[in-house]
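Colleague:
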Amino acid sequence: MAQIYLDYNASTPIDPAVATAMQPFLDEAFGNPSSGHWASTPAKAALERARGQVATLLGAAPDEIVFTSGGSEANNLAIKGTFFALKHKREHIITTAVEHPAVLASCRFLERLGATVTYLPVGSTGRVDPEAVRRAITPRIVLISVMHANNEVGTIQPIEDISAIAREHDIRVHTVALR
Ligand SMILES: Cc1ncc(COP(=O)(O)O)c(C=O)c1O
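Just so we're on the same page, the working numbering is the position in the sequence shown counted from 1, plus 3.
(1) Specify the secondary structure class of R175 as computed by DSSP and reduced to three states.
(2) Can you tell me the Cβ-Cβ gap for S43 and G34, rounded? I've got them flagged as a contact below 8 Å.
(3) I need the straight-line Cα distance from S127 to P133, nearest angstrom please.
(4) Taking the straight line between their C-alpha atoms, what separation do you get for E114 and P27?
(5) For I7, which three-state DSSP category applies?
(6) Helix, strand or coil for V145 per DSSP?
(7) Would you report the Cα separation of S75 and P161, rounded to the nearest angstrom?
(8) How many Å lie between V69 and C110 at the Cα?
(9) Ignore the nearest five residues each way along the sequence and tell me which others in V125's own chain have a CB closer than 7 Å to its CB.
(10) Just reading off the alpha helix (DSSP H) that V136 is part of, what are its end residues?
(11) Any heavy atom of ligand 1 closer than 7 Å to the CB of H2?
(12) Under three-state DSSP, which class holds T15?
(13) DSSP three-state label for T71, please.
Okay, here's the thing in structure tokens:
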């Protein structure tokens, strides 16, 4: 029986251009970029070049770009990091009921440390209503966390509208945007 892979939302074959760009660092320049010896130099140079390229793409400074091992680590870092940095001023997080477990578990963890979390419902197509986000905003909001594309059903959330609302209130937005 022919098998057809339909789970590109969870994982895809590596883009050949990415594989080609990565190959030298798997074969030859495999040194730990954080080590101080000769083998680290090419890897460190490539890492810093990549950091600069990502920063340019996003209109950010290179030292604002943090590479992580994957989505779960990045979610933990962004959500807990923002909360711990600002909890003396604001402790309320807005998210949705359909986030990845890495986001939901981070929020549940922070609730045990005093955070208030609003889990917004989604409609029949899996989308959160940006106006529901607006209505949930209080002066205590420290972060709005909404995924870009749902990891199970692929629904694209209205991140642009949510970000515009957040910007009106000077609130940070966290999203997982995978390519
Ligand atoms: C929205 C979202 N967050 C987090 C993750 C977890 O990423 P990782 O498996 O790299 O930890 C995924 C993975 O599919 C995801 O889709």
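The beta carbon of each residue, even a glycine, is placed where N, CA and C say it ideally should be.
Modeller: In terms of the structure at hand:
(1) strand
(2) S43 to G34, Cβ: 4 Å. Contact.
(3) Between the alpha carbons of S127 and P133 lies a gap of roughly 15 Å.
(4) 44 Å
(5) coil
(6) strand
(7) 22 Å
(8) Spanning the two alpha carbons is a distance of roughly 21 Å.
(9) T99, A100, V101, V131
(10) 133-139
(11) In this structure the chain extends from 4 to 182, so residue 2 is not present and cannot be described.
(12) coil
(13) coil
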